[in-house]
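Residue numbers (the working numbering), protein chains in the order written: chain U, 10 to 255; chain G, 310 to 880.
Note that CB positions come from ideal geometry on N, CA and C, so glycine has one too.
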Amino acid sequence: MKFMSSFFDKNYQTPPWLTDKLFKKNLSRRKIIKGALKSAGGATVVAAALSFRVGSAELVSLPEQLSSDPWLTLDSVLHHLLPTSESGPGAKEIQATTYLFNVVHLQPTEQDEIDFIYKGVGWLNGYSQSQLQKSFVELGGQEKEKLLRGISQSKAGQNWLNTLLGYILEATLTPPVYGGNANQVGWQWLEHQGGFPLPNEGTRFYEIPNQQSGLKANKAKNTEKNIDVVNLAAHRELSKGKGKKA
Amino acid sequence: MSYDICIVGSGAGASPVAYSLAKAGAKVLVLEKGPWLTEKEFYKDELAISLRNVYNPKLEDEQHVIEEQYQDGNGEAYWQGEATSESGWSFWNGTVVGGSSNFMSGYFHRLKPIDFRLKSTFGVIKGANVEDWPISYQDLEPYYAQVERDVGVSGKTVDHPNQEPRSTDFIYPPLAEHPISSWIDKAAKLIGYHAVPVPRAILSKPAMGRQSCEYSGYCSSYGCSSGAKGSGRAALLNHAVAGGNCTIKPQSKVYKIATNSHGKITGILYYDGQGRKQTAIAKIYVVACQAIETSRLLLASTGEKFPNGLANNNGQVGKNLVFSAGGTGSGDFNYNELSQQQVNELKQVGPFINRSLQDWYQINDEGFKGGNSKGIAKGGTIDFLFHQNPVARSSGSQWGVDENENDQLVWGEQLKQNLKKEFTTYKTLRFEVFNDWLPNDNCFVSLDDEVTDKWGDAVAKVRIGYHDHDLKVGEYLSKKAEKLLMAMGAKNVSSSVSGYPPSNLMAGGCRFGDDSKTSVLNKNCQAHEVDNLFITDGSFMPTGGSVPYTFTIYANAFRVADHIKQRLQLS
Numbered sequence: 010m011k012f013m014s015s016f017f018d019k020n021y022q023t024p025p026w027l028t029d030k031l032f033k034k035n036l037s038r039r040k041i042i043k044g045a046l047k048s049a050g051g052a053t054v055v056a057a058a059l060s061f062r063v064g065s066a067e068l069v070s071l072p073e074q075l076s077s078d079p080w081l082t083l084d085s086v087l088h089h090l091l092p093t094s095e096s097g098p099g100a101k102e103i104q105a106t107t108y109l110f111n112v113v114h115l116q117p118t119e120q121d122e123i124d125f126i127y128k129g130v131g132w133l134n135g136y137s138q139s140q141l142q143k144s145f146v147e148l149g150g151q152e153k154e155k156l157l158r159g160i161s162q163s164k165a166g167q168n169w170l171n172t173l174l175g176y177i178l179e180a181t182l183t184p185p186v187y188g189g190n191a192n193q194v195g196w197q198w199l200e201h202q203g204g205f206p207l208p209n210e211g212t213r214f215y216e217i218p219n220q221q222s223g224l225k226a227n228k229a230k231n232t233e234k235n236i237d238v239v240n241l242a243a244h245r246e247l248s249k250g251k252g253k254k255a
Numbered sequence: 310m311s312y313d314i315c316i317v318g319s320g321a322g323a324s325p326v327a328y329s330l331a332k333a334g335a336k337v338l339v340l341e342k343g344p345w346l347t348e349k350e351f352y353k354d355e356l357a358i359s360l361r362n363v364y365n366p367k368l369e370d371e372q373h374v375i376e377e378q379y380q381d382g383n384g385e386a387y388w389q390g391e392a393t394s395e396s397g398w399s400f401w402n403g404t405v406v407g408g409s410s411n412f413m414s415g416y417f418h419r420l421k422p423i424d425f426r427l428k429s430t431f432g433v434i435k436g437a438n439v440e441d442w443p444i445s446y447q448d449l450e451p452y453y454a455q456v457e458r459d460v461g462v463s464g465k466t467v468d469h470p471n472q473e474p475r476s477t478d479f480i481y482p483p484l485a486e487h488p489i490s491s492w493i494d495k496a497a498k499l500i501g502y503h504a505v506p507v508p509r510a511i512l513s514k515p516a517m518g519r520q521s522c523e524y525s526g527y528c529s530s531y532g533c534s535s536g537a538k539g540s541g542r543a544a545l546l547n548h549a550v551a552g553g554n555c556t557i558k559p560q561s562k563v564y565k566i567a568t569n570s571h572g573k574i575t576g577i578l579y580y581d582g583q584g585r586k587q588t589a590i591a592k593i594y595v596v597a598c599q600a601i602e603t604s605r606l607l608l609a610s611t612g613e614k615f616p617n618g619l620a621n622n623n624g625q626v627g628k629n630l631v632f633s634a635g636g637t638g639s640g641d642f643n644y645n646e647l648s649q650q651q652v653n654e655l656k657q658v659g660p661f662i663n664r665s666l667q668d669w670y671q672i673n674d675e676g677f678k679g680g681n682s683k684g685i686a687k688g689g690t691i692d693f694l695f696h697q698n699p700v701a702r703s704s705g706s707q708w709g710v711d712e713n714e715n716d717q718l719v720w721g722e723q724l725k726q727n728l729k730k731e732f733t734t735y736k737t738l739r740f741e742v743f744n745d746w747l748p749n750d751n752c753f754v755s756l757d758d759e760v761t762d763k764w765g766d767a768v769a770k771v772r773i774g775y776h777d778h779d780l781k782v783g784e785y786l787s788k789k790a791e792k793l794l795m796a797m798g799a800k801n802v803s804s805s806v807s808g809y810p811p812s813n814l815m816a817g818g819c820r821f822g823d824d825s826k827t828s829v830l831n832k833n834c835q836a837h838e839v840d841n842l843f844i845t846d847g848s849f850m851p852t853g854g855s856v857p858y859t860f861t862i863y864a865n866a867f868r869v870a871d872h873i874k875q876r877l878q879l880s
């Protein structure tokens, strides 16, 4: 990735830390989700594995950052991916940018992933300049759509967009203390009843004392290998929701 | 300081021993690898519980190697290991004081009398290492009753064909039930099934210094913030510590049990929170760190008398590991096909379904091809549940297909429509099938030659082979469950049964038995080869039964605790 200059680099390969995100797609239509084979309640789940890096000394605030890249463009992309409309709240109301900002600056996210998110901004604007001689934020809605459709045809572009979409879903549906789901607007929109007690500042997952994980996420199960190889154990179709409680 | 008992681990197998012995006056030391969290650190936070998995080790630090079977180009089968830091498939289930019992759903079904004598009841199954237990249901029954009382199990007994004998009734009444429970009851009656209430290790009323359930709707794998869930920590260790005889040392990672030239244990070696090597000394040693890690610790504990690992001179340690066979299934209730009242009932969040089917705990059906000539075989249990985690439910909503049926990302209005449809137009009722995972020669724990943990010690390598019989039983039961969902009017009914192990349901590896050639422990769960070593987690089980393990682990640990008390001449 270091040497890439665009989403369309032929040498791009999905890095291992990201591969597990692809299972989201597999989940609904492909074979085996072994990570899901755990307890039904929680681990079936296997949502994205967002890995991370321990906190950040450089505490910066989003408003200061929004006027320039990468956050200027990221904010614009998130708003395009989940627009505010009559059908429900968008990235704006959900505060998806704030959530993503916290993923980068507060949650212990792996540096590789942060680099990928940031580099995608450069590649997107490079593509935008080459196609339309404007940066992404200067484009109209239809142009943005066309451009994002364009990059989604590349593997790297698809991965980048899927990463952002994954965080939009998290922003919509995780407890508000993480920065998204403002005033539970996501839960209200989707008629979901959150649990209680909810975490507050001071009790977010990366603030729980003496954590085992040392603030490092465990990756969800990547199952690409088992799809490619004839696995004797994998002769039965599994689907979303596979897993058991204890 | 010297202790009477040193226990490695603090979960369902460890906590009853700590509780019972401390209460009887013994000085107890508990060594737990993870931190000591309390109700104050448990929130209904999907990020913490599943998306970021913060209650377990980072896999790069501590992991397993999982061996699966593949076919080469010539169709020859071979076993290939993969480190879980590569695959992301975690086999950790709660590395905190109280262990995985903090994160259990607490479905507390007892084993039934036939579970103790599968071999003599159903005969030998080729390719499986089934053995009868050296104890009977009647030996364990008083301890199930004790768990119901001391850990706190809420439930009620009803007459049904597979009801096991009970000496006492439930002390704690059933938890509040979701309206769909009566839908299940009605449909079951219609098609001749017996839907039975599920006892849960969750307090339905305040007791023993703990609060009752708050019905947040997020139970199952979430840590309990009210103290109602009967984790070993909330129900037992807190009392043991309060009594003054129990010391818990969290963040203490045991790496070896040392023995001398006579084969006698000289101490437990562990790393403390600062990574320093420490030694704990006691009269009696108890190991209970969940099946895989217990076998790993014994295998790593070589000594002059135990060149192949502690208590392993007959090569039995790590063998006959079992998981839970079976599978899962589901059916959808579409709101547009239901009355407003039915929709309102379905949408309720908080109360428990608490229904199971055990009509085929023993299959007796000539149509069943997996049994003997009369179609008789051991069957299992079906439980019903809802999933609650919303981020998990949403994942996949960003995928669609283009005109050529290729996967493509969707966003904008399409994404919003997908989400709205996913969350607001139907509700999925799920079931889980539990049947015996037959012990076999391809399911065992050994030490990996290459991969080590962050302290430099060899990690456990786990071969996860299963017996085809398990799939036949699982499929038979799944079809029965599907029939109930269809009778309830569910759509899109499906199930999946596979040979993949659920990594949170494990037992065996140090099975108990009367013959030291084929077992690690005697009927008191004391090592045949080591006088003052007991193993009290699920490792002792020669066969696992067809229900989740935690209840039986608790009951057996109380039973062994009684034996240890007698031995120490405590009352």
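Beta-carbon proximity list for residue i, same chain, < 8 angstroms, skipping 5 on both sides
i, result
"Arg62(U)", "Because Arg62(U) carries a pLDDT of 38, less than 50, the predicted location of this residue cannot be relied on, and the following value inherits that uncertainty. The residues are Pro117, Thr118, Glu119, Gln120, Ile123."
"Tyr493(G)", "In the sequence as presented, Tyr is not what sits at residue 493(G); that position holds Ile. Closer than 8 angstroms at the Cβ level, and outside the excluded window around Ile493(G), lie Ala504, Ile662, Arg664, Phe693, Leu793, Met797."
Contacts around residue i, its chain only, beta-carbon distance under 7 angstroms, and the 5 residues preceding and following it disregarded
i, result
"Pro92(U)", "Gly99"
"Val760(G)", "Gln372, Val374, Ala392, Val768"
"Ile177(U)", "Leu87, Leu90, Leu91, Ala100, Ala105"
6 angstroms CB neighbourhood of residue i in its chain, flanking five on each side removed
i, result
"Asp18(U)", "none"
"Asp750(G)", "none"
Which listed residue (the options) has its alpha carbon closest to that of residue i
i, options, result
"Pro810(G)", "Lys342(G), Gly627(G), Ala327(G), Gly635(G)", "Gly635(G)"
"Lys428(G)", "Gly854(G), Leu356(G), Gln878(G)", "Gly854(G)"
"Val186(U)", "Leu207(U), Trp196(U), Trp169(U)", "Leu207(U)"
"Phe677(G)", "Asn713(G), Arg585(G), Ser535(G), Glu784(G)", "Glu784(G)"
"Trp442(G)", "Gly680(G), Cys819(G), Asn411(G), Asp354(G)", "Cys819(G)"
"Ser570(G)", "Cys598(G), Asn623(G), Phe615(G)", "Phe615(G)"
"Asn865(G)", "Arg519(G), Met850(G), Arg509(G), Lys874(G)", "Met850(G)"
Backbone CA spacing between residue i and residue j [nearest angstrom]
i, j, result
"Ser805(G)", "Gln697(G)", "20 angstroms"
"Gln878(G)", "Tyr312(G)", "15 angstroms"
"Ser639(G)", "Ser633(G)", "19 angstroms"
"Met310(G)", "Ile316(G)", "15 angstroms"
"Tyr579(G)", "Ser610(G)", "12 angstroms"
"Asp84(U)", "Phe732(G)", "26 angstroms"
"Asn617(G)", "Leu606(G)", "12 angstroms"
"Lys43(U)", "Gly705(G)", "Residue confidence is low: Lys43(U) scores 35 on pLDDT, short of 50, so the model does not pin down where it sits. Its coordinate-derived value is still stated next. Cα to Cα, the separation comes out at about 17 angstroms."
"Ala816(G)", "Trp401(G)", "14 angstroms"
"Ser8(U)", "Lys128(U)", "Only positions 10 to 255 of chain U appear in the structure, and residue 8(U) is not among them; the question remains open."
"Arg876(G)", "Lys336(G)", "14 angstroms"
"Ser525(G)", "Ala496(G)", "27 angstroms"
"Leu75(U)", "Asn209(U)", "25 angstroms"
"Asn190(U)", "Val113(U)", "17 angstroms"
"Leu59(U)", "Glu355(G)", "Legend: pLDDT at Leu59(U) = 34, less than 50; position of this residue unreliable, value from coordinates given subsequently. Using only the alpha carbons, I get a separation of about 13 angstroms."
Within chain U, partners of residue i - CB distance below 9 angstroms
i, result
"Leu512(G)", "What Leu512(G) touches in chain U: nothing, since even the nearest Cβ is about 17 angstroms away."
Limits of the unbroken alpha helix (DSSP H) element including residue i
i, result
"Gln167(U)", "164-182"
"Asp84(U)", "80-90"
"Tyr670(G)", "Where Tyr670(G) is concerned, there is no enclosing alpha helix (DSSP H), given that its DSSP letter is neither H nor E."
"Leu842(G)", "Premise fails: Leu842(G) lies in the beta strand (DSSP E), 842-844, not in any alpha helix (DSSP H)."
"Glu395(G)", "393-396"
"Leu71(U)", "71-74"
Boundaries of the beta strand (DSSP E) in which residue i is found, first to last residue
i, result
"Phe743(G)", "735-745"
"Ser804(G)", "800-806"
"Ile886(G)", "No information on residue 886(G) is available, as it lies outside the stretch 310 to 880 that chain G covers here."
"Ala609(G)", "Here Ala609(G) belongs to no beta strand (DSSP E); instead the alpha helix (DSSP H) covers 600-609."
"Val563(G)", "562-568"
"Leu578(G)", "574-580"
"Leu630(G)", "628-631"
Contact set between residue i and chain G, taken where Cβ atoms lie within less than 7 angstroms
i, result
"Ile160(U)", "Those within 7 angstroms of Ile160(U) in chain G number zero; the least Cβ separation is about 10 angstroms."
"Tyr187(U)", "Leu356"
Partner residues on chain G for residue i, Cβ-Cβ distance less than 8 angstroms
i, result
"Pro24(U)", "Within 8 angstroms Cβ-Cβ: nothing; Pro24(U) doesn't reach chain G, min ~13 angstroms."
Contacts that residue i makes with chain U (C-beta to C-beta distance below 8 angstroms)
i, result
"Gln726(G)", "Ser96"
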